[in-house]
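Colleague: The sequence shown begins at 964 in my numbering and counts up by one.
Note that the Cβ used here is the ideal one computed from N, Cα and C, for glycine as well.
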Amino acid sequence: MKRGRRSYRVGMGLLVSCGGLLSCAGILGIEDLKEQSGSGLSVAFVSGTGQSGEVGKELAQPLVVEVHDANGALASNRSVTFTASAGGGYFVADVVVTTDAQGRAQTRWVLGPAARNEITADAEGAKASTTATSTNPWQLGIFAGLPVGRMFRDGNAQDARFGDPSGLAVGADGKVYIGDGIGHSLRRYDPATQQVITLAGINGVGQTRNGVGSAAGFVSPYGLTFDGNGRLIVASAYAHKIARVDLGNVDVTYFAGTGVAGTNPKEIDVANAHFNVPYALDWDASRNVVYVAENGNHDVREIDLASSLVRTIAGQPGVSGPFADGAASSAVFSYPMGITHIGSKVYVSDYGHCRIRVLDLGSSAGPTVSTLSGGNGCGAGFVDGTDGSTSGLVSPAAITNAGGFLYVADRGAHAIRRVDVSNGAVVTIAGSPPSAGAPKFGARDGQGTSALFFRPQGIAATPDGKALYVGEAGGTDLRRIDLTSGTYDVTTVAAKAVVPTDGDARTQAVLSSPRGIALAGGKLVIGENQGNDIRVLDLASNRVQRIAGPVDEAFGTRDGTGDVAQFAFPVPMIADDAEGVVYVAGGDQRIRQVKVDTGVTSSVAGKEWERSFADGVGEAARFTDPAGFALDAKGRKLYIADQGNHRVRVLDLTTRAVTTVAGSVSGYRDGPGGDARFSLPRGLALKDNVLYVSDTGNHVIRRIELDGKGSGTVTTFAGIPTKAGTVDGRTAEAQFKAPWSIALDGDLLYVADVFSDALRRIHIPSATVSTLVGGPSGIGPTPTAMPQKPAFLQVRPGGEVLFTSEVENVVFRLGP
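#1: Can you list, in chain order, the stretches of the beta strand (DSSP E) that have 3 or more residues and sit fully within the region 1489 to 1526?
#2: Tell me whether T1587 sits in a helix, a strand or coil according to DSSP, three-state version.
#3: Is the beta carbon of A1360 closer than 8 Å to that of M1300?
#4: Measure the Cβ-Cβ separation of P1589 and P1535 and say whether it is below 8 Å.
#5: Taking the alpha carbon of V1371 as the point to measure from, which residue in I1392, S1385, D1551 and T1353 has its own alpha carbon closest?
#6: Taking 8 Å as the CB-CB limit, is G1050 close to chain B?
#7: By the DSSP assignment, the beta strand (DSSP E) with V1473 in it spans what residues?
#8: Thinking C-beta only, is A1687 closer than 8 Å to K1700?
#9: To the nearest angstrom, how far is it from the Cα of E1087 to the Cα of Y1053?
#10: When you compare each of P1728, G1673 and A1721 to R1693 by their alpha carbons, which one comes out closest?
#11: Do you know offhand how far A1593's Cα is from D1605's?
#12: For the candidate residues P1463, L1777, T1454 and G1325, whose alpha-carbon lies nearest to that of V1473?
#13: Rounded to a whole number of angstroms, what is the C-alpha to C-alpha distance between K1138 and Q1158?
#14: Compute the Euclidean distance between the alpha carbons of G1019 and G1485, then round it to the nearest angstrom.
#15: How many angstroms separate the CA atom of A916 from the CA atom of V1273?
#16: Output the distance between the C-alpha atoms of M1114 and P1128, rounded to the nearest integer angstrom.
#17: Does the Cβ-Cβ distance between S1326 and G1337 come in under 8 Å?
#18: Looking only at its own chain, which residues have a Cβ that is under 8 Å from the Cβ of T1171, when we skip the five neighbours before and after it?
#19: Would you call the region 1300 to 1318 in contact with the region 1241 to 1248, where contact means no fewer than 3 C-beta pairs closer than 8 Å?
#20: Taking the CB atoms as reference points, tell me whether V1215 and A1163 lie closer together than 8 Å.
#21: CA-CA distance, N1495 and D1615?
#22: Report the rounded CA-to-CA distance for F1417 versus Y1451, giving the unit in angstroms.
#23: What does the Cβ neighbour count give for A1625, buried or exposed, with the cut at 16 atoms within 10 Å?
#24: Based on Cα-Cα distance, which residue from D1440, D1708, V1559 and D1691 lies nearest to G1112?
#25: Under the rule that 16 or more other beta-carbon atoms within 10 Å means buried, what is A1047, buried or exposed?
#26: Closest to D1691 by CA distance: which of G1003, G1050 and A1036 is it?
#27: Tell me which residues share the same chain as T1070 and place their Cβ nearer than 7 Å to its Cβ, disregarding the 5 neighbours each side in the sequence.
#28: May I have the straight-line CA-CA distance separating D1651 from G1598, to the nearest angstrom?
#29: Kindly identify the DSSP beta-bridge partner or partners of N1364.
#30: So the candidates are G1581, I1319 and D1383; which of them puts its Cα closest to the Cα of T1349?
#31: Tell me whether D1638 is buried or exposed, calling it buried when 16 or more other Cβ atoms sit within 10 Å of its Cβ.
#32: Measure how close the beta-carbons of E1769 and G1142 come, nearest whole angstrom, since I'm counting them as under 8 Å.
#33: Measuring straight from C-alpha to C-alpha, what distance separates Q936 and S1476?
#34: Here's the rule I'm using: 16 or more other beta-carbon atoms within 10 Å means buried, otherwise exposed. How should G1130 be labelled?
#35: By a C-beta neighbour count over all protein chains shown, 10 Å radius and 16 as the cutoff for buried, is E1668 buried or exposed?
#36: For N1099, name the three-state secondary structure that DSSP assigns.
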């Protein structure tokens, strides 16, 4: 006779459905039990549940499930798959098991760092879950650096935090609109209420998306200007697109740019226009056009808002040198970063040429470009002069005008300069000139040149011309300069101005966008993406000290010792303890080494600023945004994730020869060597002759079986190709969301899953993916909330994970 199904309430009030009382006898009292029917089967845990123990230890009893068929009879020879649902633990026995004659299947489990570990058993669609408890769960906290600067917080102005407040525009109502470049969001400071709020975008999420408020998205919104209808025009610089923002309901609509970096013939419609890093904008009411300083194309363009046409009006697209004035079409700019106009004259901050240029659209000879200030170029350095030829600017960034004068945020000089449009004379109105003998940079309010700035990059005048607002890329704050008093009073109006400092890692050290990290013996070496330097945390003394790179964060490409050396946004790093060096890459497209004890920096391969692809020896090799390293056991082969070229390369450190291991053009394909395809590979980890690769654009972890001859066969190890998500379980069903840095610790592969906002871990033998912290199923409440966008990580013995974040200014620790 067919037995009816009965339900029994057990443990924490959960209902368990069974075929009969005897078949349920073994599970009464079990907590956290779930059961679902599927394929006519039912499954329940009958042994090993309710256990606890220390992280990293195997549970004393195996986890056993019992499977019944639709009639309640024991079901033998049925497949049961065990998966990890949460907690970061892993299996040390088979995870796909066939039930025995008693309808039972079992596995064994090692406790993960979360307080609650959850394991699910799936018997052909019927599922049951149980939990185990870690008695010493790991905690998340700050390992190094004070939590100031480069953070993201709304609220009272003094308590607010910016990531990079370099895009500025002041509305007719006096409110300051801020493009937060690192936060990828549009924010607003209200002087009347002293409040900072986020209007549109999501902190740290770089995306170009139409929508209202947080449903919209930006990528580095540096260019801001108002049109004649009270709408804000915003350039998503590194997405190569431009949007309108209706401030009434904060509705964001992209209207110009394809999103593909490039250029076009002289005139083209907005929908088909290619931009290349449109960095600064300025609306001209008399012509109803928006001028665009196009940083990546080294030119000036305009968007005709009436005809919806885009035109190149000055400069030669893609040409940044040699310097040339003259007819607008033959003039040469280099990385223009600011633009404003007075009448028919358009003024441009020519960052790469250290000059202020003027485009005269009303010239009788046709549009012409001439130099207004900085006539001697970058060699002149910091000089206040009586005319344009004697004046010197260091690195002019944003520019605005008020009262017939130009005001320039001279980023490298850490000062605000005033330019007379009649003759180009330059006067420093705020910030300490280097010749004054005082500190060159800092975070001090005060009058005029007694105040200190730290890499001012954004500037905007109030509509009445009575004040300037300055956004500091270094100090990550918002300052105000009073133009009416004659003393140029400087005050910090939003966020606390900060500058990097050495000292005790937890009480004194202020870091500047720490990104790449490497464990070198008893030291943690830190590459500071915005600081353009290398800092070292001595793990014994807990002291942070700069070992290479200039103290004022100026970027460059110079080799040398200590502060003589220069870097350009150093990110990936790896240590070679035997040689006492770390290998570093960055925006200058080179592989360099830094000696940890002496700070001596030297080039190994690649050519500065040459973004292309070429195998070759030393300087003959070419890279495009190298993003991750792995080093062989002998320390003589450095594997490189060459993300922009979608390849994995290898550098022979003895011969300095660079060759390609695998990859070709962007895409997804497994296979041997050059037949394989990656999309933005970013992280590498090497175990024996297997190289693991985080294939960021494809949302998977790949592996390369190295053949010992400089190549290898590529297969997919974990994740579902091109499918982004945050799903734990078996590697074939798990999902990642843009995995970046990876690191090995024995059989455990740690993953910084950046857009999942999570640290993940793969137990290689059991092919189990689990989430350590963050994401939808992370370890839960900890002293520090999981930071967004974990980027680079290192693992210390015992499983302690150190990692950095794309949007925070500290080094984090997850561990016991």
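Modeller: Looking at the coordinates:
#1: 1496 to 1501 and 1506 to 1511
#2: Three-state result, T1587: coil.
#3: yes
#4: Contact annotation: P1589 and P1535 have beta-carbon atoms nearer than 8 Å.
#5: I1392
#6: In summary, chain B is missing from the structure at hand, where a single protein chain is found.
#7: First-last for V1473: undefined, no H or E at that position.
#8: In this structure, A1687 lies closer than 8 Å to K1700 by Cβ.
#9: Rounded to whole angstroms, E1087 and Y1053 show a C-alpha spacing of 21 Å.
#10: P1728
#11: 12 Å
#12: For V1473, the nearest C-alpha among the options comes from P1463.
#13: 10 Å
#14: Cα to Cα, G1019 sits roughly 24 Å from G1485.
#15: Outside the modelled stretch of the chain, which goes from 964 to 1779, sits residue 916, for which no answer is possible.
#16: 11 Å
#17: no
#18: G1180, F1181, V1182, S1199, A1202, K1204, A1206, Y1217 and G1222
#19: yes
#20: yes
#21: For N1495 and D1615, the gap between their C-alpha atoms comes out near 26 Å.
#22: So the alpha carbons of these two residues sit roughly 17 Å apart.
#23: Around the CB of A1625, 16 or more other CB atoms lie within 10 Å, so the residue is classed as buried.
#24: A check of alpha carbon separations from G1112 across D1440, D1708, V1559 and D1691 identifies D1440 as the nearest.
#25: buried
#26: G1050
#27: P1025, L1026, F1045, F1054, A1056, D1057, V1058 and V1060
#28: 13 Å
#29: Its beta-bridge partners are L1369.
#30: D1383
#31: exposed
#32: Contact flag wrong, Cβ pair sits at about 17 Å.
#33: In the structure as shown, the chain begins at 964 and stops at 1779. Residue 936 is therefore absent and cannot be evaluated.
#34: It counts as buried.
#35: exposed
#36: coil
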